[in-house]
Amino acid sequence: MIRLLIVDDEQITREGLKTFVPWAQYGIEVAGEAADGLDALRAAQDIRPDIILCDVRMPRMNGIDFAFKVKEMLPRCGLVFISGYSDQEYLKAAIRLGAVDYVEKPLDLEDLGRVMQGLAKQIKSEREERLRPYLSVLEAHFGLNPEGLRFELAGGGQTGPLDFLGGSGFRYLLIRFGSQPEDQVANELTSQLAGLGLDAAGRLIGPDELLILTRGATGQALQGVSDCLRGLAGQHWHAGASMSADHVDGLADIRLQAAEALEASGLRRPGGLVFYESLNTLAFTPDDTDSLRAFEQSLEQLDYPAASAQVARLLDQAAAAHRTQGQLIRDILHGMCQALDAFFAGGRLYPDEGTGDWLQRLMEEARQGSAWKAAQELSGFLGSLGETAAGNPGQHPMAKRVTGILRRRCLEDVSLLDIAEEVGLSSNYLCSMYKRETGETILQALHRLRLEKACALLGSSGLKVYEVAYASGFADPSYFSRMFRKYMGMTPNEYRKRQLP
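Residue numbers (this note's numbering): 631 to 1131.
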């Protein structure tokens, strides 16, 4: 849409122009209004209109003086003056200034419509010609013909790339999901962002990465981006946001900024959006040789707690800094995984048959996925090795820890992934280890604990069966009844009757 600023000292004239002229038919939106030249200058700086419809005679600053100043600020802005018969000398100055046209008082709305519609078409044509070279920038960023991009507008509807690029306040968001998202995630997220007041378009640019270009992003609106992402993907994502660019000339720079912000996000806990402007300017550059040597020495000395602490320390230092040379951090984590793999291959048995495959997956995660997640898993694994090596009798300490978590959280809507993240291990490794150590799966243990709670409630309270289900951590009473019969060999009501004296 072409943005219009109306400037007239009479409020009734401004209201009439806004109300009785069919601006939308001309592809024009009224973006603002002002009562005199001074107010109009401030408004023009804020909304950066494409056309200004301006009275010639106004208090404080007349239309001609205003036009001289606004042309310095917005040289491409079109000016249309509203003039009376006595304004001929003013109009001569306006023509010399380069005013596009004028309409005479009393206003004829049909004449005004023809003037404004023609000017809007001219501005749109010139804008598209000027912006067309930037389509190749979008093509490089999104990996497709940008003509296929449809930008969701905050006010409703959609627009194409050339119209979108005619605005200002561009910002890139780059999101990496913990698993491959659904194809429609781009449309769902951009629709939600439009509801927050952001014009936006997005596209998956890899198996797990989503790139979004927004326009008109305010700080308040951006605070809602994280909530939108949590609604779509829980906490299993990392995201980086660039700074704002006032013009399309800055698209290439802010694309790089978004990538750097995402890299910084990958060194932190999942589920957080990192803004490029919030990052520190001082670089943290770890020595990869020293870090790996210290890690290998800890392994050789069987000092697993020290090795675990070295992994955690590396990530803590990196996450507190900016320009961290994130690839170097990833290389160090990858090297630590390789060192641990070599340590086991050198004569020590893997603690679990799935450890070798887990380490290979962890190396890939360190290289291309969430460095934070890789470091947490590696540190947690080494910590559990340390507990085992310390001679704890009986059950694996990590299995004991998981059982404790299940007891603490069995009434919550807790998932296997939630537990794996809490203990810092992959879900596959955690499942196999827990089954080997306890003889039951994590899901079976969770059901058992919830059913123990249900049995206690059935025997001691007057709650209805569906109320017992909810109070025991089951979201579906029908599913609760099926599980109760499967594990207890009877229905909840039959169990309750047997408990009666």
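Where a beta carbon is used, it is the ideal one built from N, C-alpha and C, also for glycine.
Open item on the list: Residues in the same chain with beta-carbon distance under 6 Å from Asp-829, minus the five sequence neighbours each way, listed in chain order, please.
Closed with: So the list reads Phe-781, Leu-783, Ala-784, Arg-845, Gly-846, once near-sequence residues are dropped.
TODO: Pull up the DSSP beta-bridge partners for Phe-905, would you.
DONE: The secondary-structure analysis by DSSP pairs Phe-905 across a beta bridge with Ala-871.
TODO: Report buried or exposed for Gly-1034, applying the criterion of at least 16 other Cβ atoms within 10 angstroms of its Cβ.
DONE: Burial call: exposed.
Task: Element boundaries [alpha helix (DSSP H), containing Arg-1078] - done: Residues 1072-1090.
Open item on the list: Are the CB atoms of Leu-819 and Ile-835 within a distance shorter than 8 Å?
Closed with: Cβ distance not < 8 Å, so Ile-835 and Leu-819 don't count as in contact.
- [ ] Starting from the C-beta of Ile-658, find all residues in its chain whose C-beta is less than 6 Å away, skip the five residues before and the five after it, and write them out in chain order.
- [x] Ile-632, Leu-634, Ala-750.
TODO: Using the Cα positions of Gly-662 and Met-703, report the straight-line distance between them to the nearest angstrom.
DONE: The alpha-carbon atoms of Gly-662 and Met-703 are separated by roughly 17 Å.
Task: Whether Leu-1087 touches Leu-1093 by CB criterion (8 Å) - done: Yes, they are a contact pair.
TODO: With a 10 Å radius around its C-beta and 16 neighbouring C-beta atoms as the bar for buried, classify Phe-1110 as buried or exposed.
DONE: Label assigned to Phe-1110: buried.
TODO: Could you have a look at Val-660 and say whether DSSP puts it in helix, strand or coil?
DONE: Three-state result, Val-660: strand.
Open item on the list: Just to confirm, is the Cβ distance from Leu-903 to Ala-869 under 8 Å?
Closed with: Their beta carbons are under 8 Å apart, which means Leu-903 touches Ala-869 by this criterion.
Open item on the list: For the beta strand (DSSP E) containing Leu-683, name the first residue and the last one.
Closed with: Run containing Leu-683: 681-685, per the beta strand (DSSP E) assignment.
TODO: Report the partner residues of Leu-840 according to the DSSP bridge assignment.
DONE: Beta bridge pairing from DSSP links Leu-840 with Ile-805, Leu-834.
- [ ] Verify whether the separation of the beta carbon atoms of Ala-888 and Leu-804 is less than 8 Å.
- [x] Yes.
- [ ] Could you tell me whether the segment 764-779 touches the segment 638-658, using the rule of 3 or more Cβ pairs below 8 Å?
- [x] When C-beta atoms of the segment 764-779 are compared with those of the segment 638-658, fewer than three pairs fall below 8 Å, so the two segments do not count as touching.
TODO: Decide if Leu-912 is buried, meaning its Cβ has at least 16 other Cβ atoms within 10 Å, or exposed.
DONE: Note that Leu-912 scores 48 on pLDDT, short of 50, meaning its location in the model is unreliable and no value can be drawn from it.
Task: Element boundaries [beta strand (DSSP E), containing Glu-734] - done: Per DSSP, Glu-734 belongs to the beta strand (DSSP E) from 731-734.
TODO: Along the alpha helix (DSSP H) that carries Phe-794, what are the first and last residues, could you check?
DONE: Per DSSP, Phe-794 belongs to the alpha helix (DSSP H) from 791-795.
Task: Gln-814 - DSSP class collapsed to helix/strand/coil - done: The answer is coil: DSSP assigns Gln-814 none of H, G, I, E or B.
Task: Three-state class that DSSP yields for Gly-708 in the structure shown - done: It is a strand residue.
Open item on the list: Comparing C-alpha positions only, which one of Asn-692, Ile-753, Glu-1082, Gln-810 sits nearest to Pro-705?
Closed with: Nearest of Asn-692, Ile-753, Glu-1082, Gln-810 to Pro-705, Cα basis: Ile-753.
Open item on the list: Between Ser-908 and chain C, is any beta-carbon pair separated by less than 8 Å?
Closed with: No chain C is present in this structure, which holds just one protein chain.
Task: Pairwise C-alpha distance: Glu-890 and Asn-775 - done: Per the coordinates, the alpha-carbon of Asn-775 lies some 25 Å from the alpha-carbon of Glu-890.
- [ ] Flag this pair as touching only if the segment 1120-1130 and the segment 1064-1083 have three or more C-beta atom pairs under 8 Å; answer yes or no.
- [x] The segment 1120-1130 is not in contact with the segment 1064-1083.
Task: Residue span of the alpha helix (DSSP H) that contains Arg-762, given as start and end - done: Following the DSSP letters along the chain, one finds Arg-762 in no alpha helix (DSSP H), marked with neither H nor E.
- [ ] Since I believe Leu-892 is in contact with Arg-806 (beta carbons under 8 Å), could you give me their beta-carbon distance rounded to a whole number of angstroms?
- [x] So it is a contact: roughly 6 Å between Cβ atoms.
Open item on the list: For Gln-788, which residues in the same chain have their Cβ closer than 7 Å to its Cβ, ignoring the five residues on either side in sequence?
Closed with: Counting only residues of its own chain and dropping the five nearest sequence neighbours on each side, Gln-788 has a CB closer than 7 Å to the CB of Arg-780, Phe-781, Glu-782.
Open item on the list: According to DSSP, is Ser-713 part of a helix, a strand, or is it coil?
Closed with: In this structure, Ser-713 counts as strand in the three-state DSSP scheme.
Task: Beta bridge counterpart(s) of Ile-636 as assigned by DSSP - done: DSSP output for Ile-636 lists Glu-663, Leu-683 as bridge partner(s).
TODO: Buried or exposed for Gly-1010, please, with buried defined as at least 16 other CB atoms from any protein chain shown within 10 angstroms of its CB.
DONE: It counts as buried.
TODO: Check whether the Cβ atoms of Met-691 and Asp-639 sit closer than 8 Å, and answer yes or no.
DONE: No; because the gap between Cβ atoms is not below 8 Å, this pair is not in contact.
TODO: Assign Arg-845 to one of three DSSP states: helix, strand, or coil.
DONE: Correct three-state label for Arg-845: strand.
Open item on the list: Since Met-873 and Glu-907 should fall inside the 8 Å C-beta cutoff, what is the C-beta to C-beta distance between them, to a whole number of angstroms?
Closed with: The pair is a contact, with the Cβ atoms about 5 Å apart (cut-off 8 Å).
Open item on the list: Suppose you measure from the CA of Leu-992 to the CA of His-964; what does that come to, to the nearest Å?
Closed with: Roughly 8 Å separates the two Cα atoms.
TODO: With Leu-886 as the anchor, note down where its alpha helix (DSSP H) starts and where it stops.
DONE: First-last of the alpha helix (DSSP H) with Leu-886: 881-895.
TODO: Have a look at Ala-937 and Asp-857 and give me their C-alpha separation to the nearest angstrom.
DONE: Ala-937 and Asp-857: Cα-Cα distance of roughly 36 Å.
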